[in-house]
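Notes for the one structure printed next.
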Amino acid sequence: MKPFGYLRVDSVDEAVRAAAGQPGAQFLGGGTNLVDLMKLGVETPRVLIDVSRLPLDRIEELPDGGLRIGATVRNADLAASRPVRERYPVLSQALSAGASGQLRNTATTGGNLLQRTRCPYFQDTSKPCNKREPGTGCPARDGAHRDLAVLGHSAHCVATQPSDMAVALAALDATVRLHGPEGERTVPATDFHRLPGDSPERDTVIRLGELITAVELPPRRPGAHSRYRKARDRASFAFALASVGAVLAVRDGVVEHAALAFGGLAHRPWRARAAEEVLRGAPATERTFARAADAELAAAEPLRDNGFKVPLARALAVGVLADLAARD
Amino acid sequence: MSHDPPPEQQTPRLMPPGPLAHPLGAPLVRRDARDKATGSARYAAEHTPPGCAYAWPVPATVARGRITELDIGGALALPGVIAVLTHENAPRLASTDDPTLALLQEDRVPHRGWYIALAVAETLEVARDAADAVHVTYATDGHDVQLTADHPGLYVPERVNGDFPAVRERGDFDAAFAAAPATVDATYTVPPLHNHPMEPHAATARWSNGHLTVHDSSQGATKVREDLAALFKLGTDEITVISEHVGGGFGSKGTPRPQVVLAAMAARHTGRPVKLALPRRQLPAVVGHRAPTVQRVRIGAGRDGVITALAHESVTHTSTVTEFVEQAAVPARVMYTSPNSRTAHRVVALDVPTPSWMRAPGEAPGMYALESAVDELAALLDIDPVELRIRNDPATEPDSGRPFSSRHLADCLREGAERFGWQPRDPRPAVRRHGDLLLGTGVAAATYPVYIGATQAEAHAAADGGYRIRVNATDIGTGARTVLAQIAAAALGVPEDRVRVDIGSSDLPPAMLAGGSAGTASWGWAVHKACTALLARLRDREGPLPAEGITATEDTRLETAERSPYSRHAFGAVFAEVQADSRTGEIRVRRLLGQYAAGRILNPRTARSQFIGGLTMGLGMALTEGSSLDPAFGDFTACDLASYHVPAHADVPSVEAYWLDEEDPHLNPMGSKGIGEIGIVGTAAAIGNAVWHATGARLRDLPLTPDRLLPHLA
Chain F
1 MKPFGYLRVD SVDEAVRAAA GQPGAQFLGG GTNLVDLMKL GVETPRVLID
51 VSRLPLDRIE ELPDGGLRIG ATVRNADLAA SRPVRERYPV LSQALSAGAS
101 GQLRNTATTG GNLLQRTRCP YFQDTSKPCN KREPGTGCPA RDGAHRDLAV
151 LGHSAHCVAT QPSDMAVALA ALDATVRLHG PEGERTVPAT DFHRLPGDSP
201 ERDTVIRLGE LITAVELPPR RPGAHSRYRK ARDRASFAFA LASVGAVLAV
251 RDGVVEHAAL AFGGLAHRPW RARAAEEVLR GAPATERTFA RAADAELAAA
301 EPLRDNGFKV PLARALAVGV LADLAARD
Chain P
1 MSHDPPPEQQ TPRLMPPGPL AHPLGAPLVR RDARDKATGS ARYAAEHTPP
51 GCAYAWPVPA TVARGRITEL DIGGALALPG VIAVLTHENA PRLASTDDPT
101 LALLQEDRVP HRGWYIALAV AETLEVARDA ADAVHVTYAT DGHDVQLTAD
151 HPGLYVPERV NGDFPAVRER GDFDAAFAAA PATVDATYTV PPLHNHPMEP
201 HAATARWSNG HLTVHDSSQG ATKVREDLAA LFKLGTDEIT VISEHVGGGF
251 GSKGTPRPQV VLAAMAARHT GRPVKLALPR RQLPAVVGHR APTVQRVRIG
301 AGRDGVITAL AHESVTHTST VTEFVEQAAV PARVMYTSPN SRTAHRVVAL
351 DVPTPSWMRA PGEAPGMYAL ESAVDELAAL LDIDPVELRI RNDPATEPDS
401 GRPFSSRHLA DCLREGAERF GWQPRDPRPA VRRHGDLLLG TGVAAATYPV
451 YIGATQAEAH AAADGGYRIR VNATDIGTGA RTVLAQIAAA ALGVPEDRVR
501 VDIGSSDLPP AMLAGGSAGT ASWGWAVHKA CTALLARLRD REGPLPAEGI
551 TATEDTRLET AERSPYSRHA FGAVFAEVQA DSRTGEIRVR RLLGQYAAGR
601 ILNPRTARSQ FIGGLTMGLG MALTEGSSLD PAFGDFTACD LASYHVPAHA
651 DVPSVEAYWL DEEDPHLNPM GSKGIGEIGI VGTAAAIGNA VWHATGARLR
701 DLPLTPDRLL PHLA
């Protein structure tokens, strides 16, 4: 084991200051991913700054009718919270579809957003990986990539973002609140994760030393319903082969509002803007939904062994939208 | 083929059938349940002798080549490092019949993950750091890890696992197949599968005055001691191997594995006790795996469904280290009548980790293919698949002509069908829709041979009226202590709580391993024999027992060496109901029911647990479990439990196991057959057949994950 320092902090300011003064520092939330990666030798922080006890563990109502979720709120608590279940079912469902009961009890909201890819090459330090060691190559492109990206990948990386929660947040137009050495800022959840391009080592737009303090949800759109559906290799405790988070409002048989995001397809939750364009103002029929999904997935560039994800994502999208439309 | 009548044979004296005054057949709670539930049962890595050092292995990172340079200087320089063993400094080992145990003996790397060094340190963390600091340079050769059905390196081996002939032919298969009115010709594939017992392989070794003592996670400490004696050129009396509690093995601990040899080497090299627990991610490369198979099954039958031609041909891989051939075509020699048959195996030695036993080797993959093909025949002829199997139920073993000691497959099919609610059943596929879900049912037969191994046992009557049984049996989670106490109590005619059972150490009388579903029968026979001898001596005595008590020791060498004139197998029938999501291709099992005929069931509580465990593992084989070899790197692609999907609770809804009261006088004094493996057999086929019934898609490549079904959905 590589020796590392451990620091527990009491405030966000203290956390950010500590990180700024410590090269190689990383924030520790629930540790459900970071500690695993440390055991594998993939992550080698010199100092862990434990932020799991910061007073960021509350879910608060915002004046505009939205919700602020503290970064250390545990996944299980968030999934079970009444306002989330009642107003943002897509989020509750996404959280409950992730990991296992034990992990959800420990994993935090901020940590969930920062979990890293499950690409087998990324996790194996005896092999090349551009994400882990830039410039070494991407063996996944021609190797074991059944579970990897079909959208937005690059010659350098075909990894997928594994979070279910992040897909729901993308569909909900959530905002990520960050606190760093230069103060506070917010980033739309849809822009928080990056595409790999030529720098796959960067998963997100987070800057050095920045700490996630909260995720904010806009008020629930009147008349809209939301849902998350995930396809996976086993009934529980498996990452998404593909997933869909959707928010849909239908009035008089016509789509009034639609927000759609895919998981398991790309290096970030894939907000389906092209599909939404097709949906908006169109009749709420399976035919429309299929047309919308096709419009989005036309951009897919499947690899040798993951072409199945395209019809799978299409089927999920059509199914979820049809289900939501049937509620009105 | 004609067959000889069974020769006169001394059949074992059966225990009395019928209602039992003694606890044989009673659902006793396992004796170590409390110890296990409270964590006080200690496993191999939970023994820490004073001065214990810790080891961490270094796996090769190339798939084929030689070590040209091994730099251990950096590792040795780390504070707390005691030694780094390599092929240049490790103790020399004598060769044995298992070349996978020739560890750190030469510079050759036969596959990725092969151990090339072992770091030993004061703490686990330092040992691991030291292992990382070992620098290796290799000269590599091109490697090949990809099994194909037409691989140029394929050859016909002499024997396959279980010591069966590789090829058996009867009649004229080709002519009969060509002439058959109805034919099925289909190829099925099973990917590499990993055993992944909950307790990883671990050993703690210490040398004291020339005596080697190891705690090892093993399915049989007798065999571990024998192999260690051979490797280190010691007498077996100079070695003690303890396997007190074992957290599963599924075959991967059936013979010694690297951990025990490495721990013993490191302890000898350093003069310190050494503990080694293999990391989960390294297990697939070093403890064995179920080899992948490509199986072609051809069946020719009359319109009445009676099989006239049957060919089962299996292609598999082995490593360049040693030959292990999964005997997938062997069950076809037992299952169905056919005057014309061919069962054959071919194998290719690739640069892959060495395959070995995994729960029901041969039967598990072989019956997947055979029972899927039988279902295809039933569909083709529009004959109910239960009925088709009953029509082809042979009176004698097709391959040998030997009579069955007992065969109640047809009864299992009928009774299982009744319990499951098989009828009324619309045989048409893809016509049962429930929202987005397509529903279907499937059936398959199961079989597993009766094995038995020589065992010695000691029965002791103490002066205080208590009894003690000593036998080196192993409890790998099955409840061995409990059932042996039941067998002893029944033989002695005393209450079960007066019998103490000592197992799990090679200092006890030598015994068969816990494998081949043969543990209870092998140990129990010896225990029964020792108890019977003890009882006779007690009856002959007058007056109180001497202070030291009386001991009887018996073994079953003669009985178990005799070849039975009977073909002896357990049989069963598995029924499955599945749902397939017509949008996503996700397949889930709704109900699974196994009906078995496996001789006398000695403890219904622990037996049920074995059956449903096997059924669950078969569910995993059908739907979720699968690994593959990475062509570029040569290793397995699914090395941890996040990527190798064993079923989660949500995958396993209703699983039921039932059995017939089967009387078989040709087995052993208890009248029992093995039950540890038959649960996995046939289960994947039953599920696959149900998937066809649900969807109309005949999927022939396991596991049946969504990507496999999606292309068949409209």
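So the sequence lines, in the order shown, correspond to chains F and P. If you read the first sequence in UniProt numbering, its first letter stands for residue 1, the second for the next number, and so on. If you read the second sequence in UniProt numbering, its first letter stands for residue 1, the second for the next number, and so on. Think of the CB as a built atom: it goes at the ideal place given N, C-alpha and C, for glycine as much as any other residue. Note that this is a predicted model, so its numbers are computed, not measured.
{"Item": "On the DSSP letters alone, give me the boundaries of the alpha helix (DSSP H) that residue 49 of chain P sits inside.", "Value": "First-last for residue 49 of chain P: undefined, no H or E at that position."}
{"Item": "Tell me whether residue 701 of chain P sits in a helix, a strand or coil according to DSSP, three-state version.", "Value": "strand"}
{"Item": "For residue 434 of chain P, tell me which candidate among P:483, P:296, P:342, P:582 has the shortest Cα-Cα distance.", "Value": "P:582"}
{"Item": "Contact defined as beta carbons within less than 8 Å: I believe residue 385 of chain P pairs with residue 375 of chain P. What is the distance between those atoms, to the nearest angstrom?", "Value": "5 Å"}
{"Item": "Would DSSP call residue 610 of chain P helix, strand or coil?", "Value": "helix"}
{"Item": "In this structure, how does DSSP classify residue 24 of chain P when only helix, strand and coil are distinguished?", "Value": "coil"}
{"Item": "Closer than 9 Å, Cβ to any Cβ of chain A: which residues of the segment 573–599 of chain P, in chain order?", "Value": "Absent from the structure is chain A; the protein chains it does hold are F and P."}
{"Item": "Less than 8 Å separating the beta-carbons of residue 524 of chain P and residue 487 of chain P?", "Value": "yes"}
{"Item": "Quick check: what's the CA-CA separation for residue 649 of chain P versus residue 108 of chain F?", "Value": "24 Å"}
{"Item": "Measuring straight from C-alpha to C-alpha, what distance separates residue 135 of chain F and residue 156 of chain F?", "Value": "8 Å"}
{"Item": "Kindly list the residues whose CB is nearer than 6 Å to the CB of residue 25 of chain F, restricted to its own chain and excluding five residues on each side of it in sequence; keep chain order.", "Value": "19, 47, 49"}
{"Item": "Please list, in chain order, all residues of the same chain as residue 7 of chain P whose beta carbon is under 6 Å from its beta carbon, the five residues on each side excluded.", "Value": "Because the pLDDT at residue 7 of chain P is just 42, under 50, the model does not fix this residue reliably, and the point stays unresolved."}
{"Item": "Quick check on the DSSP output: the beta strand (DSSP E) that includes residue 184 of chain F runs from which residue to which?", "Value": "183–188"}
{"Item": "Can you pull the chain F residues whose beta carbon is under 7 Å from the beta carbon of residue 637 of chain P, in chain order?", "Value": "120, 144"}
{"Item": "Using a beta-carbon distance below 8 Å, is residue 147 of chain P in contact with chain F?", "Value": "no"}
{"Item": "Can you tell me whether residue 659 of chain P is helix, strand or coil according to DSSP?", "Value": "strand"}
{"Item": "So within the segment 162–228 of chain F, which uninterrupted alpha helix (DSSP H) runs reach at least 4 residues, ignoring any that extend past its ends?", "Value": "165–171, 189–192"}
{"Item": "What are the residues in the segment 642–664 of chain P lying within 8 Å of chain F by C-beta distance?", "Value": "642, 643, 645, 647, 648, 649, 650, 651"}
{"Item": "Grouping DSSP H, G and I as helix and E and B as strand, with all else coil, what is residue 605 of chain P?", "Value": "helix"}
{"Item": "With a cut-off of 8 Å, does the C-beta of residue 509 of chain P fall near any C-beta of chain F?", "Value": "no"}
{"Item": "Report buried or exposed for residue 131 of chain F, applying the criterion of at least 16 other Cβ atoms within 10 angstroms of its Cβ.", "Value": "buried"}
{"Item": "Measuring straight from C-alpha to C-alpha, what distance separates residue 60 of chain P and residue 114 of chain P?", "Value": "5 Å"}
{"Item": "Going by alpha carbons, who is nearest to residue 586 of chain P out of F:301, F:236, F:297?", "Value": "F:236"}
{"Item": "Could you work out which residues of chain P lie near residue 139 of chain F, taking near to mean beta carbons separated by less than 9 Å?", "Value": "630, 632, 633"}
{"Item": "Output needed in chain order: residues of the segment 234–266 of chain F with a Cβ under 7 Å from some Cβ in chain P.", "Value": "234, 235, 236, 237, 238, 241"}
{"Item": "Quick check on residue 281 of chain P: does DSSP put it in helix, strand or coil?", "Value": "helix"}
{"Item": "Out of F:14, F:16, F:23, point me to the one whose CA is closest to residue 5 of chain F's CA.", "Value": "F:23"}
{"Item": "To which residues of the same chain is residue 280 of chain F closer than 7 Å at the C-beta, ignoring the five residues directly before and after it?", "Value": "255, 258"}
{"Item": "Grab the span of the beta strand (DSSP E) containing residue 299 of chain P for me, first residue to last.", "Value": "293–301"}
{"Item": "Check the Cβ of residue 284 of chain F against every Cβ in chain P and list those closer than 8 Å, keeping chain order.", "Value": "Within chain P, no residue comes near residue 284 of chain F; the closest Cβ sits about 18 Å away, beyond 8 Å."}
{"Item": "Considering only DSSP beta bridges, list what residue 577 of chain P is partnered with.", "Value": "P:441, P:591"}
{"Item": "Check the C-beta distance from residue 350 of chain P over to residue 145 of chain P and give it rounded, since I have them as a contact under 8 Å.", "Value": "5 Å"}
{"Item": "Which class does residue 270 of chain F belong to by DSSP, given the choice of helix, strand or coil?", "Value": "strand"}
{"Item": "On a CA-only basis, which of P:499, P:87, P:207, P:196 is nearest residue 358 of chain P? Give me that one, please.", "Value": "P:196"}
{"Item": "Quick one: using the 10 Å Cβ neighbour count with 16 as the cut-off for buried, is residue 29 of chain P buried or exposed?", "Value": "exposed"}
{"Item": "Considering residue 460 of chain P, what are the terminal residues of the alpha helix (DSSP H) in which it resides?", "Value": "Per DSSP, residue 460 of chain P belongs to no alpha helix (DSSP H); it is in the beta strand (DSSP E), 456–461."}
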